[in-house]
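Heads up: the sequence shown begins at 50 in the working numbering, then just goes up one per residue.
By construction, the Cβ of each residue, glycine as well, lies at the ideal position given by its N, Cα and C atoms.
As the structure is a computational prediction, the values presented were derived from the model and not from experiment.
Everything below concerns the one structure shown next.
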Amino acid sequence: MKHTSRTAHSLAFVLLTTVGICLSHLSAAEPAAGLIIRLKQPAGAAKTASSRLVLAEVLNRAGVQQQVVQVAQVSPAAAGTPLERCFVLSLQDDVENVLNRLATDEQVEYVQINHRLKVHEITPDDSLFSEQWGLQAMRAPQAWDFIAEGEPVPVAVIDTGVDYRHPDLEGQLWVNPGEDLDGNGRVDESDFNGIDDDGNGFVDDLRGWDFTDAPSFIDSGDYADRDNDPDDEHGHGTAVTGIIVARANNGIGIAGMAFQNRVMNLRAGTSLGFLEEDDVAAAIIYAVANGARVINMSFGDVVVSPMLRDVIRYAWSQGVVLVASSGNSSTDQPHYPSGFQETISVGAIAENRVLASFSNFGTTLDVVAPGQDIPTTRPDGGYGRFAGTSASAPFISAAASLILRRNPEFGPEQVRSVLIAAARDLGDPGWDRFYGAGLPDLVDALQIHQAGTVSLISPSMDAGFAGEEIAVIATATSAFSERIELSYGAGDNPETWFPVAELKNEQIVEDTLAIWDVSALEDTTWTLRLQLFTRDGRVFEDKNRIILDRTAPRLSVPEHLPMLDGDHASVLISFTSDDITSARIFWRPVGSAEPFTEIVLNYVTRNHRFNFSSLLSGGREVEYFLLAQNRSGL
C-alpha cells in the first residue's frame with residue numbers, strides 16, 4: 050500500500066521584489082547549466098534519428114525550445130548501450146523550470162541535472178617522500194616475480210587527463226591499434242590523418258579521448274569541446290596514472306604498481322577538477338568498447354543519477370572491473386559511484402596502517418589501500434606527493450589489472466573475491482565498516498588461480514521489505530568449495546551473526562539458497578552475509594544491507610516558500626518523510642475537473658524539495674497532493 054498525504058494544498062504565485070535562491074535538491078556537487086534526458090523505449094526499433102525527432106516533439110510540447118541552445122548525444126557510440134536514448138541539453142538559463150516541464154512528459158523516462166563530480170584529492174603540505182611505502186605495504190615488488198610476459202592489460206583512467214609527455218609515463222599509455230597506422234605502438238604525427246580509421250566514432254583517437262565539453266563552467270584551458278587531446282590541465286589524472294603504470298627500472302622517478310600494463314587516457318575533468326556526469330558516462334562506454342578490463346574512478350558525489358547507475362551496470366555486465374574511491378568526507382553516508390553494487394569501493398590508510406582521517410567508510414566499503422603521502426607523477430614532468438582516496442583507488446585498479454594479466458578469464462566478481470580473500474585484516478577480524486576486508490596482499494592475490502565467485506543477487510543492497518519471508522538468491526562457486534554459509538546480523542556492522550542456511554560440498558549458481566524467515570525480526574537495518582569456505586583455507590564473502598520496515602512513511606506538512614525564478618514567480622515546496630522515500634507530486638488548477646498531472650521527484654531521500662514554477666500552471670492557483678513510497682514499497 051502506498052502512503053499519500055492528500056490534503057488540498059494550494060499555491061498562489063506572488064512576484065517577489067527580492068531575488069530568491071532555488072534549492073531543488075541537496076548535493077555536494079555543483080549543477081551545471083544543462084540537463085540529461087532519457088527517452089522511453091519506443092514501440093519500434095530505436096534509431097538515433099527517430100530519437101532526435103521524438104526529443105524535438107517533447108521539447109515542443111514543453112514549450113522550452115527557446116531555452117535549449119544545443120542538443121547532443123551523451124556518446125556517439127551509444128547504440129546498444131544504456132546511453133542510446135540519452136541526450137544532453139545545454140541551456141541558457143532557467144534550468145529548474147525546463148527540468149520541471151520535461152519531467153511530466155509521458156515519453157520521458159527521466160530527466161536530471163547534469164551534475165559536476167569532484168576528484169577526491171587532498172593536497173599535503175609536507176616535502177616529497179623518497180620511498181613508495183604503498184608498494185611495500187601491498188607487497189608489490191615481491192609480486193612482480195609472478196607476472197609473466199604477455200599482452201598489457203588496459204586500465205581506463207577516467208579523470209582530468211594525463212601528461213603524456215612525462216618521461217616516467219613514456220610508453221606506458223594505451224595507443225589505439227585501430228588508429229596506429231604504422232603499427233609501431235607509438236603515437237606519430239603521421240598517424241593523425243583526420244580519418245576515423247577504426248570506425249569507432251572518434252577521429253584520430255590514438256591517445257584515448259577528451260570527453261570534456263562544459264562551456265558553462267567558469268574554467269580555463271581546453272574544456273568547451275570534445276577532442277582527441279586528453280592532456281592534463283589539473284594534475285589529478287597524471288598522479289593517478291603514475292601510481293598505476295609509471296615506468297620501472299628506468300633510473301628516474303617512481304615505479305607504478307602495474308608498470309607491465311597500460312593506462313587508457315580518458316579525460317572527463319576540467320582544469321579545476323570537476324567532471325560532468327554525461328562526460329563520465331561517455332568515457333565508460335568508450336572504455337568498454339575499446340577493450341579496457343579495469344576502469345579507475347577517483348571521484349564522486351553523494352548524488353546518484355539513473356544514467357551513471359545504468360552505464361556502470363552495463364560495463365560490469367561486459368566483464369569490466371570498476372574501481373572507485375570511497376570519498377574524503379570522513380563519513381559512512383552513501384557515496385557514488387563507489388556505493389554502487391557493481392563497483393569495488395576503496396578507502397584510504399596511512400603509512401602506519403591506520404585509516405586515514407579523511408577516508409569514508411561504511412557498508413559499501415570493500416577494501417582499503419595506501420592513500421597518504423604517496424609519491425607520484427605530476428604534469429610538469431616532475432613528482433609530488435598525493436593523498437586522498439583518489440590515491441587509494443589506483444592501487445586497487447593496478448592490483449586488479451595484474452590479477453587479470455595472470456588470470457585473464459576472471460570476471461569482475463572473481464577479481465573482487467580475490468582481492469577480498471587476499472586482504473589482511475587491519476581492524477576487527479573479517480570485514481568491518483572502517484577497513485572493509487582489509488589491505489590486499491598482492492603476492493597472495495596472484496597465487497589464487499581458482500577464484501571463488503560469491504554474489505548475493507537478491508536481496509540487493511539497501512532493499513526494503515515488509516513481509517515475513519525473503520527469498521535469498523545467490524551464486525557461490527569454487528573448484529575447492531567446502532561449504533557455503535548464509536547468516537545475518539543486526540545493523541551495518543554486526544558483532545553477532547545468526548545462521549540462515551549451510552551447504553556442504555555443493556555450489557549454487559543464480560538459484561534460491563534459502564527462504565529467510567524474518568517474521569520475528571524488528572523493523573531496522575540488517576546485514577545479510579554469504580560466505581564460501583574452500584578446502585585450501587580461503588574465505589570468499591559478499592554482504593548486502595537490507596531494511597525491514599512494515600510501516601508506511603509519514604510525511605510532514607509541506608512548507609511553501611515564494612520565490613523569484615528568473616523573471617517569473619515560483620514556490621519551493623519542501624516536505625520530509627520519516628523513511629527514505631521516493632516521492633511524486635500530483636497537481637491541477639484549483640476547482641478543475643481535469644485529471645491530475647504527475648511529477649516524479651528526482652531523488653530518494655528523507656528531505657524532498659521541488660520548485661513549482663508558475664509557468665507550469667500558466668500562473669493559475671493550483672491544488673496538489675503528495676505520494677511517497679519507502680524502500681519496502683509502502
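query: In the DSSP output, what is Gly250 paired with across the bridge?; result: DSSP, once it has assigned bridges, lists no residue as partnering Gly250.
query: Alpha carbon to alpha carbon, how far is Ile506 from Val521?; result: 8 Å
query: If you measure from the CB of Gln367, is any heavy atom of the ligand COA nearer than 7 Å?; result: With respect to the ligand COA, the structure offers nothing, as it holds no ligand at all.
query: Going by DSSP, name the residue or residues bridged to Ala563.; result: Val521
query: Quick one: which unbroken alpha helix (DSSP H) runs of 4-plus residues sit fully inside the segment 108-193? Chain order, please.; result: 144-152, 182-186 and 189-192
query: Rounded C-beta distance between Ser536 and Pro548? I'm assuming under 8 Å.; result: 5 Å
query: Between the Cα of Ile303 and the Cα atoms of Ala288, Arg311 and Met313, which residue gives the shortest distance?; result: Ala288
query: DSSP puts Phe308 in a beta bridge; with which residues?; result: DSSP, once it has assigned bridges, lists no residue as partnering Phe308.
query: Identify whether Arg296 lies in helix, strand or coil by the three-state DSSP scheme.; result: coil
query: Since Thr630 is in the alpha helix (DSSP H), which residue starts that stretch and which ends it?; result: It is not in any alpha helix (DSSP H) - Thr630 instead sits in the beta strand (DSSP E) that spans His617 to Pro638.
query: What span of residues does the alpha helix (DSSP H) with Asp614 cover, start to end?; result: First-last for Asp614: Glu608 to Asp614, but that is the beta strand (DSSP E), not the alpha helix (DSSP H).
query: Taking contact to mean at least 3 C-beta pairs separated by less than 8 Å, is the segment 143-159 in contact with the segment 278-297?; result: no
query: Is it true that the CB of Val312 sits closer than 8 Å to the CB of Gln221?; result: yes
query: If you scan the segment 305-354 from start to end, which runs of the alpha helix (DSSP H) of 4 or more residues do you find wholly inside it?; result: 326-338
query: Looking at Gly430 and Pro602, is the spacing between their C-beta atoms short of 8 Å?; result: no
query: Excluding the 5 residues flanking Ser663 on each side, which residues of the same chain have their C-beta closer than 7 Å to its C-beta?; result: Phe62, His617, Ala618 and Ser619
query: Give the DSSP bridge partners of His657, in chain order.; result: Phe624
query: Restricting to runs no shorter than 4 residues, where is the alpha helix (DSSP H) found entirely within the segment 439-503?; result: 461-470 and 491-495
query: In the structure shown, what three-state DSSP assignment does Leu222 receive?; result: strand
query: Can you look up Ser394 in the DSSP assignment and give me helix, strand or coil?; result: strand
query: Would you say Gln90 and Gln116 are within 8 Å of each other, going by their C-beta atoms?; result: no
query: Identify whether Ser366 lies in helix, strand or coil by the three-state DSSP scheme.; result: helix
query: Just to confirm the assignment, what range does the alpha helix (DSSP H) spanning Leu665 have?; result: Ser663 to Ser666
query: If Val49 sits next to Ala331, beta carbons under 8 Å apart, how far is it from one beta carbon to the other, in whole angstroms?; result: Residue numbering for the chain in the displayed model covers 50 to 683; residue 49 lies beyond these limits and cannot be assessed.
query: Is the segment 416-435 touching the segment 477-496 in the sense that three or more CB pairs, one from each, lie closer than 8 Å?; result: yes
query: How big is the Cα-Cα spacing for Asp212 and Val558?; result: 45 Å
query: List the endpoints of the continuous beta strand (DSSP E) containing Val206.; result: Pro203 to Asp208
query: Based on Cα-Cα distance, which residue from Thr600, Pro607 and His283 lies nearest to Gly513?; result: Thr600
query: Quick check: what's the CA-CA separation for Ile398 versus Cys135?; result: 38 Å
query: State the CB to CB distance for the pair Phe38 and Asp245, rounded to an integer number of angstroms; the pair is presumed to be in contact (CB under 8 Å).; result: For the chain, the structure presents residues 50 to 683; residue 38 sits outside this window and is missing.
query: Taking the alpha-carbon positions, what's the Asp591 to Glu326 distance?; result: 29 Å
query: For Ser595, write down the residues that DSSP places opposite it in a beta bridge.; result: The residue you asked about is not Ser; residue 595 is Ile in the sequence shown. Partner(s): Ala512 and Trp575.
query: What span of residues does the beta strand (DSSP E) with Gly538 cover, start to end?; result: Ser530 to Ala539
query: Anyone know if the C-beta pair for Arg626 and Leu604 falls short of 8 Å?; result: At residue 626 the sequence reads Ser, which differs from the Arg that was named. Going by C-beta atoms, Ser626 is nearer than 8 Å to Leu604.
query: Report back the beta-carbon spacing between Ile685 and Leu132 to the nearest angstrom; my notes put them in contact at under 8 Å.; result: Examination of residue 685 is not possible in this model, given that the chain is present from 50 through 683 alone.
query: How close, in whole Å, do the beta carbons of Val202 and Arg454 come, if the pair is a contact with beta carbons under 8 Å?; result: 5 Å
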